[in-house]
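Chemist: Supplied in structure tokens, the structure appears directly below.
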Amino acid sequence: MTEKSNGNRKLCIITSKGSLDMAYIPLILANSARMTGIDVELFFTFWGLDVITKKKMGGLNVATVGNPSMHPWFHIPTLLGAIPGMSAAASWMMRQEIDKLDFPPVPEFVQLVIDSGANVYGCKMSMDMMKLTKDDLVDEAEVLGAMEFMELSEGAQLLLV
Amino acid sequence: MTNPILENVEFDDDGFMIDPNAWTAEIGEAIAAREELPLTDRHWVVINFARQEFDANDEAPTLRRITKTTDVDTKELYKLFPGGPAKKAAMVAGLGKPTGCI
Numbered sequence: 012m013t014e015k016s017n018g019n020r021k022l023c024i025i026t027s028k029g030s031l032d033m034a035y036i037p038l039i040l041a042n043s044a045r046m047t048g049i050d051v052e053l054f055f056t057f058w059g060l061d062v063i064t065k066k067k068m069g070g071l072n073v074a075t076v077g078n079p080s081m082h083p084w085f086h087i088p089t090l091l092g093a094i095p096g097m098s099a100a101a102s103w104m105m106r107q108e109i110d111k112l113d114f115p116p117v118p119e120f121v122q123l124v125i126d127s128g129a130n131v132y133g134c135k136m137s138m139d140m141m142k143l144t145k146d147d148l149v150d151e152a153e154v155l156g157a158m159e160f161m162e163l164s165e166g167a168q169l170l171l172v
Numbered sequence: 134m135t136n137p138i139l140e141n142v143e144f145d146d147d148g149f150m151i152d153p154n155a156w157t158a159e160i161g162e163a164i165a166a167r168e169e170l171p172l173t174d175r176h177w178v179v180i181n182f183a184r185q186e187f188d189a190n191d192e193a194p195t196l197r198r199i200t201k202t203t204d205v206d207t208k209e210l211y212k213l214f215p216g217g218p219a220k221k222a223a224m225v226a227g228l229g230k231p232t233g234c235i
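So the protein sequences, as listed, match chains A and B. Residues 12 to 172, numbered by my numbering, are exactly what the first sequence covers, in order. Residues 134 to 235, numbered by my numbering, are exactly what the second sequence covers, in order.
Pasting the structure below:
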């Protein structure tokens, strides 16, 4: 385990979404926190599990249906967003933009926050529901019940994404 | 007890040097001592790279750039600078508090 800060500020982030755009929010926040010496616990639940699932994390997509905020690239009306290939195209564009900012792709970013000392947990209940086991998650992830996460997050600042 | 070298150096409230151009390796050593951070050759790989980047771009490098360009990886970087490498490395290198988020 990487050495932690001496200060006691701690950030806990619950990630419940697994789309490409939503995956970056907890990762960027976790990374920024670790860079400045804040302890970080990341809890992934429901679709958020995709972000730390080995088979899924490299292929996250942007939702083009029911997403009114597709700018700055372009706006896709909901009906057009349903056309096959639209989500893949939007995801491709977003990956390009992310790369331009020198942000790593999701799998590399997850490894980066783990290497920086953030702890990563998969929600047991969601994993049971989605028939996932610990082996499906990134190697460093641990499986945790919501109750255990409550204990872990005591006194921490809590965020739901 | 303050190192006499630091007496003529201006710092902001968080301990970052106000004028990065006034930095010398001796000042870097003294800041590290103030932060109770003993410096090794590996620290200097990071500090020298940060200075070199600052001289070239007028900007401290992001941690991602440090780990991509030098042979110091993320795990080692966090071990070298406990308490947040973005803050501590920039502080010892005499650079301002970093604003990037990667």
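Every residue gets a Cβ at the ideal spot worked out from N, C-alpha and C, and that includes glycine. All of these numbers come straight from a predicted model, not from anything done at the bench.
#1: Against chain B, does A:F114 count as a neighbour if the rule is that its beta carbon must be under 9 Å from one of theirs?
#2: Could you check whether the Cβ of B:A219 sits closer than 9 Å to any Cβ belonging to chain A?
#3: In chain B, what lies closer than 8 Å to A:D126 by C-beta?
#4: Would B:A189 be called buried (16 or more neighbouring beta carbons within 10 Å of its own) or exposed?
#5: Considering Cα atoms alone, identify which of B:D206, B:W156 and B:V225 is closest to A:G128.
#6: Alpha carbon to alpha carbon, how far is B:K221 from B:P215?
#7: Cβ closer than 8 Å: which chain A residues qualify as neighbours of B:I138?
#8: Could you give the distance in angstroms between the alpha-carbon of A:H28 and the alpha-carbon of B:R167?
#9: State buried or exposed for B:W156, treating a residue as buried only when at least 16 other CB atoms are found within 10 Å of its CB.
#10: Within 9 Å (strictly less), CB to CB, does B:W167 reach chain A?
#11: Identify the residues that DSSP records as bridge partners of A:T26: which are they?
#12: Closer than 8 Å by C-beta to A:S30: which residues in its own chain qualify, once you throw out the five before and the five after it? Chain order, please.
#13: Between B:P137 and B:T195, is the Cβ-Cβ spacing less than 9 Å?
#14: Could you check whether the Cβ of B:L196 sits closer than 8 Å to any heavy atom belonging to the ligand GTP?
#15: Along the chain, where does the alpha helix (DSSP H) that runs through A:L123 open and close?
#16: For A:D61, which residues in the same chain have their Cβ closer than 7 Å to its Cβ, ignoring the five residues on either side in sequence?
#17: Answer yes or no: does any C-beta atom of chain C fall closer than 9 Å to that of A:R106?
#18: Once the 5 residues before and after B:I151 are set aside, which same chain residues still bring their CB inside 7 Å of it?
Modeler: A quick look at the data gives this:
#1: yes
#2: yes
#3: D206, T207, K208 and Y211
#4: Residue environment for B:A189: exposed (fewer than 16 other C-beta atoms within 10 angstroms of its C-beta).
#5: B:D206
#6: 8 Å
#7: Under the 8 Å cutoff, chain A gives no residues; its nearest Cβ is about 25 Å from B:I138.
#8: Sequence check: residue 28 of chain A is Lys here, not His. One C-alpha to the other measures close to 43 Å.
#9: buried
#10: The residue asked about is misnamed: residue 167 of chain B is Arg in this sequence, not Trp. Not one chain A Cβ lies under 9 Å of B:R167.
#11: A:F55
#12: Closer than 8 Å at Cβ, skipping near neighbours: W58, L71, N72, V73 and A74.
#13: no
#14: The ligand GTP is absent from the structure shown, which contains no ligand whatsoever.
#15: A:L123 -> alpha helix (DSSP H) spans V117 to D126.
#16: Result list for A:D61: G29, K67, M68 and L71, in chain order.
#17: Reference to chain C is not applicable here, since the protein chains of this structure are A and B.
#18: Take B:I151, set aside five residues on each side of it, and the residues of its chain with a beta-carbon closer than 7 Å to its own are E143, F144 and D145, in chain order.
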